[in-house]
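Engineer: Quick one: structure below, then a few questions.
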Amino acid sequence: MIDIKLLRESPEQFYDASKARGFDGKYLDEFFKLDKDWRDNLKVINELKHAKNIQSSLISELIKKHDSPESAKNQVREINSKIDSLEESQKLIEKERERIARMIPNLLHESVPVCMGDENSVVVRSWGTAGVCVDDVNYFKEATADSGQFQIIPKRPASHVDLIQELNLADLERASKTAGSRFYYLKNRLVKLELALVNYAVDFLSERGFSIVEPPFMLTYRAMEGATDMETFKDTLYKIEGEDLYLVSTSEHPIASMFLDETMEENDLPVRMAGVSPCFRREAGAHGKDTKGIFRVHQFTKIEQFVFCKPEDSWDFLEELLKNAEDIYRSLNIPYRVVNICSGDLGNLAAKKYDIEAWFPSQGKFREVVSASNDTDYQARSLNVKYRTKEGNRFVHTLNSTAIATTRTLVAIMENFQTRDESGFAVPEALIPYTGFDFISK
RNA sequence: GCUGGGAUAGCCUAGCCUGGUAGGGCGCAGGUCUGGAAAACCUGUUCUCUUAGUAGAUCGGGAGUUCAAAUCUCCCUCCCAGCGCCA
């Protein structure tokens, strides 16, 4: 959530940020109207309570002096009925103000490109030598701002959908029978390769100072609401029937909410954590997109980087998280580009976001595999996570970034390391110590 | 799941039986003192409000009784111990 005090003090920057994100400022107008009502109401309530407290101590004195307190009692009863009705309407105002305040997006970092639509996001750099089919060369050049290295390949490799069925690496039909579309039974060496990716990412991040966390895979509404933007995302979450529990859609959320309502010590910051968890996503609204295979699924495993830090350090940490993720993809030898996501395509929490998009030669496209965001104090405020300084308690800054989302990375490997004859694919060298084999074929 | 004991400010703790301004300690910050420090003493330590007060709120959460609830009643959550069940 945004800083309400800051919003009252300098509303202009919030109007600017909203405009850049493609919202009109109506909900801000609405907020200010409700906030004024709330404050006016509060003033009256506090005055009444003050009068009540005076009468109350008067009663206590009268009783001590053996005088009759009846008239004072009646006065308190009268005041109480006024307070009751005012507080009732105050509650309604507060609830609505809260609902609107939670919709107000974070301010933007100055380096975020201001525009609508993901095609306008700025390509920061590209890496690796991509295998590009003749038909895709123009797209590739454009998508890398003409700076991408590539090698012409005679035709697009087999799609991962065909390959996993051909090589007996997954059973999609039976998963759709037992669980529905967008589920999968992974099989055989693909399971080992997935476990290798998990272990590789865990080791990689351990060596870079992250502690490893396997969080709860479900969260209460309170924790989930603090960690994410429920207004936008509640339709994408699975709810456990009859319980106040939601399946996590990323370990970002259980890790962010780990310190809910806590005050951390300044010396304990920064905290770097690597979360390992399954991610459950309803993918509502994604009908027709990537319907086949394991590219977009309801359940996958992800290793996530998360940082709690002091406000003055968070922009450096965004670069650190991006570098870690890039280094992982470089070590796997998967070509990619880095994109600075433009204002119209940012989530409400993020002040700035980089995506890493891997090259998928059989789709002839760059597709998102990593998303690294600085949420500044926005998430920490909703979760009430502070740290102690000599000048008082301040909200921490939080950042998150994918390290490896297994299914998409598996697809990237299958497509980029495929043999010309489509009979199999190589295991990236960095993973061989984890798999114990260097090739997957029939 | 059952029985019992708990939850008070960053931490520890008193108050609860018997309703009437939440007290103390530690830690931290500032001050007095000092050449400097320690000790001692003093002040402060959570949240809200643009009339910043002789203001309001706050004792795990919610509801109730009452003029008044940390305190009494009911419901819920979590923690601890014992018992039960269990991969």
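In our numbering, the protein residues as written are 87 to 528. We treat Cβ as the ideally placed atom computed from N, Cα and C, and that holds for glycine.
(1) Which class does ILE238 belong to by DSSP, given the choice of helix, strand or coil?
(2) Please list, in chain order, all residues of the same chain as PHE303 whose beta carbon is under 7 Å from its beta carbon, the five residues on each side excluded.
(3) Taking a contact to mean a Cβ-Cβ separation below 8 Å, would you say ALA491 touches ALA458 in this structure?
(4) Report buried or exposed for ALA342, applying the criterion of at least 16 other Cβ atoms within 10 angstroms of its Cβ.
(5) When the Cα atoms are used, what is the spatial distance from THR306 to LYS122?
(6) May I have the straight-line CA-CA distance separating ARG453 from ALA444, to the nearest angstrom?
(7) Check whether the Cβ atoms of GLU338 and PHE290 lie closer than 8 Å to each other.
(8) Give the DSSP bridge partners of TYR332, in chain order.
(9) To the nearest angstrom, how far is the alpha carbon of PRO191 from that of ASP102?
(10) For the candidate residues GLY433, ILE427 and LEU432, whose alpha-carbon lies nearest to that of ILE442?
(11) Alpha carbon to alpha carbon, how far is GLU357 from SER212?
(12) Below 6 Å CB to CB, which residues in the same chain sit around ARG275 once its five sequence neighbours on both sides are set aside?
(13) If you follow the beta strand (DSSP E) that PHE452 is in, where does it begin and where does it stop?
(14) Is the beta carbon of VAL497 sitting closer than 8 Å to the one on HIS246?
(15) Using a 10 Å radius around the Cβ and a threshold of 16 neighbouring Cβ atoms, would you call PRO519 buried or exposed?
(16) Going by the beta-carbon positions, is the gap between THR462 and ALA437 smaller than 8 Å?
(17) Can you confirm whether the stretch 120-140 touches the stretch 153-167 when touching is taken to mean that 3 or more C-beta pairs between the two stretches lie within less than 8 Å?
(18) Would a C-beta distance cut-off of 8 Å place ARG473 and ILE88 closer than the cut-off?
(19) Do you know whose CA, among ARG183, ASP110, GLY214 and SER104, lies nearest ILE420's CA?
(20) Exposed or buried, SER96, counting other C-beta atoms within 10 Å across all chains shown (16 or more means buried)?
(21) Are the CB atoms of ASP321 and ALA370 nearer to each other than 8 Å?
(22) Starting from ASP413, trace the alpha helix (DSSP H) both ways and give me its first and last residue.
(23) Measure the CB-CB distance between PRO199 and VAL210 and report whether it falls below 8 Å.
(24) Could you say which of TYR286, LEU469 and ASN206 lies nearest to ARG188 if we only look at CA atoms?
(25) Can you round the beta-carbon distance between ARG382 and TYR324 to whole angstroms, since I take them to be within the 8 Å contact cut?
(26) Could you check if MET202 is buried or exposed, using at least 16 other CB atoms within 10 Å of its CB as the buried criterion?
(27) Given a cut-off of 8 Å on the beta-carbon distance, is the pair ALA309 and LEU346 in contact?
(28) Quick test of your reading: ASN460 and SER509, contact by CB under 8 Å. State the CB separation rounded to the nearest angstrom.
(29) Need the endpoints of the beta strand (DSSP E) that ILE389 sits in, please.
(30) Near ASP330, which residues of its chain fall below 6 Å by C-beta distance, leaving aside the five closest residues on each side in sequence?
(31) Taking Cβ to Cβ, would you say LEU92 is nearer than 8 Å to ILE179?
(32) How would you call PRO301, buried or exposed, if buried means at least 16 neighbouring beta carbons within 10 angstroms?
(33) Put GLY217 into one of helix, strand or coil per three-state DSSP.
(34) For GLY450 versus ASP222, is the C-beta spacing smaller than 8 Å?
(35) In chain order, what residues of the same chain lie with their CB nearer than 8 Å to the CB of ILE499, ignoring the 5 residues before and after it?
(36) Is the beta carbon of ARG423 less than 8 Å from the beta carbon of ALA229?
Structural biologist: Quick answer:
(1) In the first sequence, residue 238 corresponds to position 152, counting from 1. In the structure shown, ILE238 sits in a strand (DSSP, three-state: E or B).
(2) The sequence position of residue 303 within the first sequence is 217, counting from 1. Within the same chain, LEU333, VAL334, SER363 and PRO364 come within 7 Å of PHE303 by CB-CB distance, once the 5 residues on both sides are set aside.
(3) In the first sequence, counting from the first residue as 1, residue 491 sits at position 405. In the first sequence, counting from the first residue as 1, residue 458 sits at position 372. Not in contact: ALA491 and ALA458 (Cβ atoms no closer than 8 Å).
(4) On the first sequence, residue 342 is found 256 positions in, with the first residue counted as 1. Label assigned to ALA342: buried.
(5) The sequence position of residue 306 within the first sequence is 220, counting from 1. The sequence position of residue 122 within the first sequence is 36, counting from 1. Distance between the alpha carbons of THR306 and LYS122: 32 Å.
(6) As a working note, residue 453 is residue 367 in the first sequence. As a working note, residue 444 is residue 358 in the first sequence. ARG453 and ALA444 have their C-alpha atoms some 6 Å from each other.
(7) Residue numbering aside, residue 338 sits at position 252 when the first sequence is read from its first letter. Residue numbering aside, residue 290 sits at position 204 when the first sequence is read from its first letter. Between GLU338 and PHE290, the gap from beta carbon to beta carbon reaches 8 Å or more.
(8) Sequence index remark: in the first sequence, residue 332 carries index 246 (1-based). Paired residue(s): LEU305 and LYS325.
(9) For the purposes of this step, residue 191 is identified with residue 105 of the first sequence, where counting begins at 1. For the purposes of this step, residue 102 is identified with residue 16 of the first sequence, where counting begins at 1. Looking at the two C-alpha atoms, the distance is approximately 11 Å.
(10) Indexing the first sequence from 1 puts residue 442 at position 356. For ILE442, the closest alpha carbon among the candidates GLY433, ILE427 and LEU432 is that of ILE427.
(11) Along the first sequence, one-based indexing puts residue 357 at 271. Along the first sequence, one-based indexing puts residue 212 at 126. First, the amino acid is wrong: residue 357 is Val here, not Glu. About 30 Å.
(12) If you number the first sequence from 1, residue 275 lands on position 189. Correct list, in chain order: ILE526.
(13) As a first step, residue 452 must be located in the first sequence, where it is residue number 366. It spans 451-460 - the beta strand (DSSP E) in which PHE452 sits, taken as one unbroken run.
(14) Here the question's residue 497 lines up with position 411 in the first sequence. Here the question's residue 246 lines up with position 160 in the first sequence. Going by C-beta atoms, VAL497 is nearer than 8 Å to HIS246.
(15) Mapped onto the first sequence, residue 519 falls at position 433. When all chains shown are included, PRO519 counts as exposed.
(16) Along the first sequence, one-based indexing puts residue 462 at 376. Along the first sequence, one-based indexing puts residue 437 at 351. Yes, the Cβ-Cβ distance between THR462 and ALA437 is below 8 Å.
(17) Using a Cβ-Cβ distance cut-off of 8 Å, the stretch 153-167 and the stretch 120-140 are in contact, since at least three pairs of beta carbons, one from each stretch, lie closer than that value.
(18) Numbered from its first residue, the first sequence carries residue 473 at position 387. Numbered from its first residue, the first sequence carries residue 88 at position 2. According to the sequence provided, residue 473 is Tyr. The question's Arg does not apply to it. Taking 8 Å as the cut-off, the Cβ atoms of TYR473 and ILE88 do not count as close.
(19) As a position in the first sequence, residue 420 is number 334, starting the count at 1. The shortest Cα separation from ILE420 among ARG183, ASP110, GLY214 and SER104 belongs to GLY214.
(20) Numbered from 1 along the first sequence, position 10 holds the residue referred to as residue 96. Counting the other CB atoms within 10 Å of its CB gives SER96 a total below 16, which places it among the exposed residues.
(21) Residue 321 sits at position 235 when you count from the first residue of the first sequence. Residue 370 sits at position 284 when you count from the first residue of the first sequence. Remark: C-beta atoms of ASP321 and ALA370 approach each other more closely than 8 Å.
(22) Residue 413 sits at position 327 when you count from the first residue of the first sequence. In this chain, the alpha helix (DSSP H) harbouring ASP413 covers 400-417.
(23) As a working note, residue 199 is residue 113 in the first sequence. As a working note, residue 210 is residue 124 in the first sequence. Taking 8 Å as the Cβ cut-off, PRO199 and VAL210 do not qualify as a contacting pair.
(24) Indexing the first sequence from 1 puts residue 188 at position 102. Nearest to ARG188 by alpha-carbon distance, out of TYR286, LEU469 and ASN206, is LEU469.
(25) Residue mapping note: residue 382 aligns to position 296 of the first sequence, counting from 1. Residue mapping note: residue 324 aligns to position 238 of the first sequence, counting from 1. Rounded, the Cβ-Cβ distance is 16 Å, inconsistent with contact.
(26) Taking the first sequence and counting its residues from 1, the one referred to as residue 202 is at position 116. Result: exposed.
(27) Your numbering for residue 309 matches position 223 in the first sequence. Your numbering for residue 346 matches position 260 in the first sequence. It is a contact, given that the beta carbons lie within the stated cut-off.
(28) Walking along the first sequence from the start, residue 460 turns up at place 374. Walking along the first sequence from the start, residue 509 turns up at place 423. At roughly 44 Å, the Cβ-Cβ gap does not stay under 8 Å, so ASN460 and SER509 are not in contact.
(29) Taking the first residue of the first sequence as 1, we reach residue 389 at position 303. The continuous beta strand (DSSP E) containing ILE389 extends over residues 385-395.
(30) As a first step, residue 330 is located in the first sequence; it is residue number 244 there, counting from the start. Cβ within range, chain order: THR306 and TYR307.
(31) The residue labelled residue 92 in the question sits at position 6 within the first sequence. The residue labelled residue 179 in the question sits at position 93 within the first sequence. Inclusion of LEU92 and ILE179 in the CB contact set at 8 Å is not warranted, their separation being larger than that value.
(32) Position 215 of the first sequence, counted from the start, is the residue given in the question as residue 301. So PRO301 ends up on the buried side.
(33) Along the first sequence, one-based indexing puts residue 217 at 131. Judged by DSSP in its simplified three-state form, GLY217 adopts strand.
(34) Residue mapping note: residue 450 aligns to position 364 of the first sequence, counting from 1. Residue mapping note: residue 222 aligns to position 136 of the first sequence, counting from 1. It is a contact, given that the beta carbons lie within the stated cut-off.
(35) Against the first sequence, residue 499 aligns to sequence position 413. If the five residues before and after ILE499 are omitted, its C-beta is found closer than 8 Å to the C-beta atoms of LEU279, LEU418, ILE420, PHE511, VAL513 and PRO514, all from its own chain and listed in chain order.
(36) As a working mapping, residue 423 is identified with position 337 in the first sequence. As a working mapping, residue 229 is identified with position 143 in the first sequence. In this structure, ALA229 lies closer than 8 Å to ARG423 by Cβ.
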